[in-house]
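Trainee: One structure, pasted below without further comment.
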Amino acid sequence: MKFLFLTDDHKRGTNPANRKDHFPATLALKLREVVEIACEREVDYVLHGGDFFDVPAPSLSVCADFLEIYQRFPVPVYVVPGNHDLFGHNPSTLNRTMLGFVSRLGIVRLLGREPVYLEKNGLRVQLTGQGYHYDIDRRDPKEDYVVRKRDCDYAIHVVHGMLLDRRSFPGPFYTLIEQILETEADFTLAGHNHLGFPDVASDGKYFLNPGALARLSNHPSELTRPVQVLFLDLSGSTPYLEKIRLQSAPPGEDVLDRSRLEEATFREQRLASYLAEVKSAASYQWTDVRALIEKIAQAEKLEQKVRDEALRRIALAEEALACGEGEEQFT
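Quick look at the structure:
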């Protein structure tokens, strides 16, 4: 049984501010190559790590152009929702998003904690997923990353969360691989962290993230990192893993605007200075409204239902703002 894993392609009809090329056209080329790889390697299933779209409700023209490519996959495509696929990071809004609509059409299949069992030539694989939600990487990581293996040869868990191989930056919420080593999944496939990380193997279990298919940020590492997909072959006596670099992905320096990178660095320095001043003057240094609500709820000892209601209303507000708004045409 063979799998192909990709993540974070962020389909959209407009250019990110730091891109010099035509992002939708470049992404379309990469996705067509992914389809070719799936056909050449004769994979049985395609797995997607989330952020299928860049916004929860993109225009129909953008969807049509990209979904036409996805329909060329000759095998089922399983997806977990990413934070960009949801209104307000709220999984309950999924049925009102474009990803939810696409899944109802049968173009993709949504993965959840309820296992899906796949069988071929006597091999049985357990497939589970954990989409993004507000508390991921904030609560006990075992609730989202640890799964139990039942009545199967291999277990694969796909998750859209900030899984890291080592501590690399302070501040944002993340989960370290060392915190979830008790999982029984043979393969934990992660999205969300666009830069990816080197393959990690521990006690016969693998933790993998090939990085995002899309380059959206002007992080310096985006200039040099490979754009790739992960091929997983379970047909032999031992698993075979291979990261396949996309030939259609232009070099980072050809598509990322260095001048904007320098401007962003300057802005980050000024922002860091500003936040330092705010931190010294007040007890709340959070800029994300959801994180601010969490901090206030903890400080004021508010009930969980009060926090959840505030987050629900934020999701509704984001959805209301998105209604009637469209993106640019693909061409």
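Numbering-wise, the sequence shown is residues -18 to 312 according to our numbering.
Don't be surprised by glycine CBs; every beta carbon is placed ideally from N, CA and C.
1. Just how far apart, CA to CA, sit Pro232 and Gly172?
2. Please report the straight-line C-alpha distance between Pro201 and Arg288, rounded to a whole angstrom.
3. If we call anything under 7 Å between Cβ atoms a contact, is Leu162 one with Ser149?
4. Excluding the 5 residues flanking Asp146 on each side, which residues of the same chain have their C-beta closer than 7 Å to its C-beta?
5. On a CA-only basis, which of Ala9, Phe4, Met(-18) is nearest Arg22? Give me that one, please.
6. If you draw a straight line from the C-alpha of Val106 to the C-alpha of Arg239, how long is it?
7. Nearest to Pro122 by CA position, among Asp235, Leu176, Ile137, Leu144, is which residue?
8. Does the separation of the CB atoms of Lys224 and Leu215 fall below 7 Å?
9. For the stretch 93 to 106 against the stretch -13 to 0, do three or more pairs of beta-carbon atoms, one drawn from each stretch, fall closer than 8 Å, so that the two count as touching?
10. Quick one: what's got a C-beta closer than 8 Å to Arg131's C-beta in the same chain, skipping five residues either side?
11. Within its chain, find whatever has a CB closer than 6 Å to the CB of Tyr135; leave out the 5 residues flanking it on each side and keep chain order.
12. Using only alpha-carbon positions, find the residue among Val128, Cys20, Tyr115, Leu283 that is nearest to Thr169.
13. What span of residues does the alpha helix (DSSP H) with Glu223 cover, start to end?
14. Closest by CA to Tyr155, which one among Thr7, Leu227, His141?
15. Ignore the nearest five residues each way along the sequence and tell me which others in Thr205's own chain have a CB closer than 7 Å to its CB.
16. Is DSSP giving Phe247 helix, strand or coil here?
17. Between the alpha carbons of Phe(-14) and Val208, how many angstroms are there, rounded?
18. Can you tell me whether Lys101 is buried or exposed, with buried defined as 16 or more other CB within 10 angstroms of its CB?
19. What is the DSSP secondary structure of Asp180, reduced to helix, strand or coil?
20. Here's a check: name, in chain order, each residue in its chain whose Cβ is nearer than 7 Å to the Cβ of Glu314, leaving out the five neighbours to either side.
21. To the nearest angstrom, how far is the alpha carbon of Gly87 from that of Arg120?
22. Identify whether Tyr187 lies in helix, strand or coil by the three-state DSSP scheme.
23. Report, in whole angstroms, the separation of the C-beta atoms of Thr(-12) and Leu194, which I expect to be a contact under 8 Å.
24. Does the Cβ of Asn174 have 16 or more other Cβ atoms within 10 Å, making it buried, or fewer, making it exposed?
25. Is Gln111 buried or exposed, if buried means 16 or more other CB atoms sit within 10 Å of its CB?
26. Tell me the rounded alpha-carbon separation between Arg90 and Pro57.
27. Do you know offhand how far Leu92's Cα is from Val60's?
28. Distance, Cα to Cα, Asp46 vs Val27?
29. Please list the terminal residues of the continuous alpha helix (DSSP H) segment that includes Thr7.
30. For Lys316, does the count of other Cβ atoms within 10 angstroms reach 16, so buried, or fall short, so exposed?
31. On the three-state DSSP scale, how would you describe Phe322?
32. Rounded to the nearest angstrom, how far is the Cβ of Val43 from that of Lys(-8), given a contact under 8 Å?
33. So if DSSP puts Lys(-17) in a beta bridge, which residue, or which two residues, is it bridged to?
34. Going by the CB atoms, is the gap between Asp35 and His65 shorter than 7 Å?
Mentor: Per the coordinate set shown:
1. 22 Å
2. 36 Å
3. no
4. Ile158, Phe178, Pro179, Val181
5. Met(-18)
6. 45 Å
7. Leu144
8. no
9. no
10. Pro96, Gln107
11. Val106, Asp167, Leu215
12. Val128
13. It is not in any alpha helix (DSSP H) - Glu223 instead sits in the beta strand (DSSP E) that spans 221 to 226.
14. His141
15. Gly233
16. Only weak support is given to the placement of Phe247: the predicted model assigns it a pLDDT of 47, under 50, and the value that follows is read from those uncertain coordinates. Helix, per DSSP.
17. 12 Å
18. exposed
19. strand
20. Since the displayed the chain opens at -18 and closes at 312, residue 314 lies outside it and no answer follows.
21. 32 Å
22. strand
23. 7 Å
24. buried
25. buried
26. 7 Å
27. 6 Å
28. 19 Å
29. 4 to 21
30. For residue 316 there is no data in the structure shown, the boundaries of the chain being -18 and 312.
31. Any property of residue 322 remains undetermined from this structure, which presents the chain solely from -18 to 312.
32. 7 Å
33. Asp214
34. yes
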